[in-house]
Amino acid sequence: MKRYNLEVLRISKTHWKKVGQQNLASGELTLHSGHEEENAPHTQGVALMLSNQVQKALIGWESHESRIFKTSFKTKKEGMTMNIIQCYGPTNDYNADVKDQFCDRLQSIVENCPVKDLGILNGQHRI
Numbered sequence: 011m012k013r014y015n016l017e018v019l020r021i022s023k024t025h026w027k028k029v030g031q032q033n034l035a036s037g038e039l040t041l042h043s044g045h046e047e048e049n050a051p052h053t054q055g056v057a058l059m060l061s062n063q064v065q066k067a068l069i070g071w072e073s074h075e076s077r078i079f080k081t082s083f084k085t086k087k088e089g090m091t092m093n094i095i096q097c098y099g100p101t102n103d104y105n106a107d108v109k110d111q112f113c114d115r116l117q118s119i120v121e122n123c124p125v126k127d128l129g130i131l132n133g134q135h136r137i
């Protein structure tokens with residue numbers, strides 16, 4: 011991230027299991043969401059990697075299944091939060107029900123973000 015002067019790096023299709031965070035030796039923080047089941051396949055998963063500077067503004071984050079999570083950050087504008095929604099949509103190989111559930115869940119998360127806040131939708135939507 012430092013080499014390319016990146017503050018936030020989004021990662022789709024991580025193939026990591028569980029929900030968690032990891033402090034890297036370089037100082038960056040990785041937040042990730044994947045399958046919760048112990049014997050689930052290593053498929054799907056999304057992550058964000060945050061620089062030291064961005065970590066200072068992190069308010070919190072929440073997982074919404076293995077394909078979606080939302081992070082919230084303080085901004086310089088009083089009373090405004092920046093929400094980054096990271097997602098990885100199902101491919102066309104999945105049945106319509108799975109794709110509809112993904113879209114419904116994503117729409118619900120977006121609609122629950124306050125209108126006054128800055129919202130960024132990141133990822134591979136495919137739908």
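Going letter by letter, the sequence shown gives residues 11 to 137 in the working numbering.
Ideal Cβ placement from N, Cα and C applies to all residues, glycine included.
Note that this is a predicted model, so its numbers are computed, not measured.
With burial defined as no fewer than 16 other Cβ atoms inside 10 Å of the residue's Cβ, what is the status of residue i: buried or exposed?
{"i": "Met59", "result": "buried"}
{"i": "Lys87", "result": "exposed"}
{"i": "Leu128", "result": "exposed"}
{"i": "His42", "result": "buried"}
By DSSP, does residue i sit in helix, in strand, or in coil?
{"i": "Glu72", "result": "strand"}
{"i": "Val29", "result": "strand"}
{"i": "Arg115", "result": "helix"}
{"i": "Lys126", "result": "coil"}
{"i": "Asn93", "result": "strand"}
Work out the CA separation of residue j and residue i for me, nearest whole Å.
{"i": "Arg13", "j": "Gly37", "result": "14 Å"}
{"i": "Lys126", "j": "Ser82", "result": "13 Å"}
{"i": "Gly30", "j": "Lys23", "result": "15 Å"}
{"i": "Asn33", "j": "Leu39", "result": "5 Å"}
{"i": "Gly70", "j": "Ile21", "result": "18 Å"}
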